[in-house]
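Numbered according to our numbering, the sequence shown spans residues 403 to 564. Note that beta-carbon positions come from the ideal geometry of N, C-alpha and C, so glycine has one too. A short worksheet on the structure shown next.
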Amino acid sequence: MKTKCLISICLIITLISLVGCRKKSQPAQEQPAPPTEITQESKNEQFLPDETEYYALFLEGKKIGYAIQNREVSGSKVTTSVDLKITLNRAGVSVSIQTKAATFETTDGKPLGFEVDNNYGFMSTKTTGTINDMGKLIVSTGQQQTELDWPQGAVMSEGTRL
């Protein structure tokens with residue numbers, strides 16, 4: 403169970419990171435000259451405002467689902483969430499999977515925690531993780547709680563974006 407939980411967490415975090423790395427194409431605009439000295443104030447000006455991106459998911463040319471990625475900045479906290487829904491049909495039977503995942507970070511990319519809700523139709527799970535000041539990741543799934551070492555230098559969506 404512990405291994406399945408960790409694999410699920412890794413897959414969701416990877417999905418969030420991959421979706422979060424996509425750059426939007428924007429029309430060419432005149433860019434102001436970058437500041438010559440990087441201060442905390444100039445760093446804060448570089449943060450993007452809240453944004454939402456929509457994705458259609460296809461398999462063999464057929465739409466099988468969607469994903470919605472949302473990034474919200476509130477004070478010094480950034481929340482990046484992904485709502486993913488996939489429906490597959492095999493032998494006339496539809497199977498739906500829905501995942502809601504969120505990462506919580508500071509505006510400078512320091513990871514604070516995450517939350518993942520999985521709904522497989524016949525069962526659902528909720529996993530939360532919090533990174534404490536000692537660099538430990540506290541993962542909770544149902545009544546089970548596990549403490550793991552957070553890898554030095556590991557980042558989530560906002561840390562990857564920076």
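- The C-beta distance from residue 478 to residue 509 rounds to 5 Å, short enough to meet the 8 Å contact threshold.
- Setting aside the 5 residues that flank it on each side, residue 474 is surrounded in the same chain by 452, 481, each with a C-beta closer than 6 Å to its C-beta; the list follows chain order.
- It is roughly 8 Å from the alpha-carbon of residue 502 to the alpha-carbon of residue 517.
- For the options 468, 514, 523, the alpha carbon positioned closest to that of residue 495 is the one of 523.
- Residues 458 of the same chain have their beta carbon placed closer than 6 Å to that of residue 465, with the five preceding and five following residues left out of the count.
- Separation of residue 456 and residue 564 (C-alpha to C-alpha, rounded to the nearest whole angstrom) is 21 Å.
- Assignment of beta-bridge partners to residue 549 by DSSP yields 540.
- The alpha-carbon of residue 546 is positioned some 14 Å away from that of residue 539.
- Here residue 521 is near residue 500, since their CB atoms are less than 8 Å apart.
- Nearest to residue 534 by alpha-carbon distance, out of 528, 469, 515, is 515.
- A distance below 6 Å between beta-carbons, with the five flanking residues on each side excluded, links residue 497 to the following residues of its chain, in chain order: 490.
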